[in-house]
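**Student:** Here the sequence shown is numbered in our numbering, starting from 15 and rising by one per residue. There's a structure below that I have some questions on.
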Amino acid sequence: MANGTAPARVFQCPNCKEYINTHMTECRFCHAPVNAQAALAAAAQLDKANDVAENGTTRSQGVRNMVIGGLWCVGGILVTAITYGAASSGSGGGSYVIAWGAIVFGAIQFFKGVFQFIAG
Ligand SMILES: [Zn+2]
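Structure follows, in structure tokens:
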């Protein structure tokens, strides 16, 4: 294990429960000495806990992305429809482009949400 080059990882101080990183030799809150091995183990445990928490929220994140993406998409289509006349008559080209951006952005967000929902 190459501790010297490993990126600092966050873990909870076993003494005061504050979040500190594994590169510290002592807790910056309570000054308790940090055992590198114990710190890495604690960091790994924290990572695992975070993974579980993230998996638990993937579905709701997916739903949120679908709603937000859907709104952007529908909003973009509405703006496009509303500005279509203006755009085709020469003015309003700017909002036409912005509306397309919203549709594309919304579609990407929506499908990201769908995949998150399926995967979750
Ligand atoms: Zn501490």
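Backbone N, C-alpha and C fix where the C-beta goes; we use that ideal spot for every residue, glycine too. What you are looking at is a predicted structure, and each value in this text was computed from that prediction instead of being measured.
Going by the C-beta, is V43 closer than 8 Å to any heavy atom of ligand 1?
**Tutor:** In the sequence as displayed, the identity of residue 43 is Phe instead of Val. At least one heavy atom of ligand 1 is nearer than 8 Å to the Cβ of F43, so yes.
**Student:** Beta-carbon within less than 7 Å of R42's beta-carbon, same chain only, minus the 5 sequence neighbours each way: which residues are those?
**Tutor:** Correct list, in chain order: I34.
**Student:** Thinking C-alpha only, which one of F131, R23, I112, Q130 is nearest D61?
**Tutor:** Out of F131, R23, I112, Q130, R23 has the C-alpha closest to the C-alpha of D61.
**Student:** Between N29, T36, C44, which has its C-alpha nearest A53's C-alpha?
**Tutor:** With distances taken between Cα atoms, A53 lies closest to T36.
**Student:** When the Cα atoms are used, what is the spatial distance from Q59 to W114?
**Tutor:** Their Cα atoms are separated by approximately 45 Å.
**Student:** Could you compute how far the alpha carbon of Q26 sits from the alpha carbon of I91?
**Tutor:** In a straight line, the C-alpha of Q26 is about 48 Å away from that of I91.
**Student:** Ligand 1 heavy atoms versus the CB of A46: any closer than 8 Å?
**Tutor:** Indeed, a heavy atom of ligand 1 lies less than 8 Å from the Cβ.
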